[in-house]
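In the UniProt record's numbering, the protein residues as written are 1 to 185.
Every residue, glycine too, gets a C-beta built ideally from N, C-alpha and C.
Working notes for the structure below.
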Amino acid sequence: MAKLLKRYSLIIVFLLISFILSIYSAKLIYDIKRASYENIEKKLEKALESTDKEVLNEFVETQGSTSYQNKDLYLLARVINGEARGEPYIGQVAIGAVIINRTKHPGFPKTISGVIYQPGAFTCVSDGQINAKLEPTALKAAREALNGWDPTNGCIYYYNPAKTTNKWIWSRKVMLVIGKHRFAK
Numbered sequence: 001m002a003k004l005l006k007r008y009s010l011i012i013v014f015l016l017i018s019f020i021l022s023i024y025s026a027k028l029i030y031d032i033k034r035a036s037y038e039n040i041e042k043k044l045e046k047a048l049e050s051t052d053k054e055v056l057n058e059f060v061e062t063q064g065s066t067s068y069q070n071k072d073l074y075l076l077a078r079v080i081n082g083e084a085r086g087e088p089y090i091g092q093v094a095i096g097a098v099i100i101n102r103t104k105h106p107g108f109p110k111t112i113s114g115v116i117y118q119p120g121a122f123t124c125v126s127d128g129q130i131n132a133k134l135e136p137t138a139l140k141a142a143r144e145a146l147n148g149w150d151p152t153n154g155c156i157y158y159y160n161p162a163k164t165t166n167k168w169i170w171s172r173k174v175m176l177v178i179g180k181h182r183f184a185k
């Protein structure tokens, strides 16, 4: 009986140690990923601050005051520029609207930068197109999206069927098509 009790005690201790190590490992992995994403976000913000300021300043000066911060406008414009370059103007506004819609949806971060820097969310962040020369139409589209124009009527996803290989996104109900993008809920 004593041998059996000792054996079970060792098994319980082993299981507890394994459980504690798995929790610690998960937290360590989370902390490493979080630090990596924060580092990427800081680098991108620094890059955003150092480019095309004259375009942004000129645009902001001609548009009046707003309830959102200029960095939100600028960052949103950068993503619109990277994701919707060459698309019709309404398509550019629609990309901005999707980002804003995500900030209001419980399944996404609550800030524009949180949505934009969410891992894997936007190709232009991953491939560096967010740093492409900023077109004035992207700034105008960002402002209109921030001011409430939503051509998508609440969509939180979009994709270009010619470029997307993700099977999950194809399962989303398409609400409208603008240019090369399909917008879905």
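Nearest-angstrom beta carbon gap, residue j and residue i [assumed within contact, 8 angstroms]
i      : j      : result
Thr152 : Ala97  : 5 angstroms
Arg102 : Val93  : Not a contact, Cβ separation roughly 15 angstroms.
Ile178 : Ile90  : 6 angstroms
Asn166 : Lys180 : 16 angstroms between Cβ atoms; not a contact.
Chain C contact for residue i (CB, 9 angstroms cutoff)
i      : result
Phe122 : Any reference to chain C falls outside this structure, which holds one protein chain only.
Do the stretch 131-138 and the stretch 70-90 make contact, defined as three or more Cβ pairs closer than 8 angstroms?
yes
Ranges of the alpha helix (DSSP H) found wholly within the UniProt domain "Cell wall hydrolase SleB" (86-184), counting only runs of at least 4
89-104, 112-116, 123-127, 136-146, 167-170
Contact between the stretch 139-156 and the stretch 75-82 is defined here as three or more beta-carbon pairs at a separation below 8 angstroms; is this criterion met?
yes
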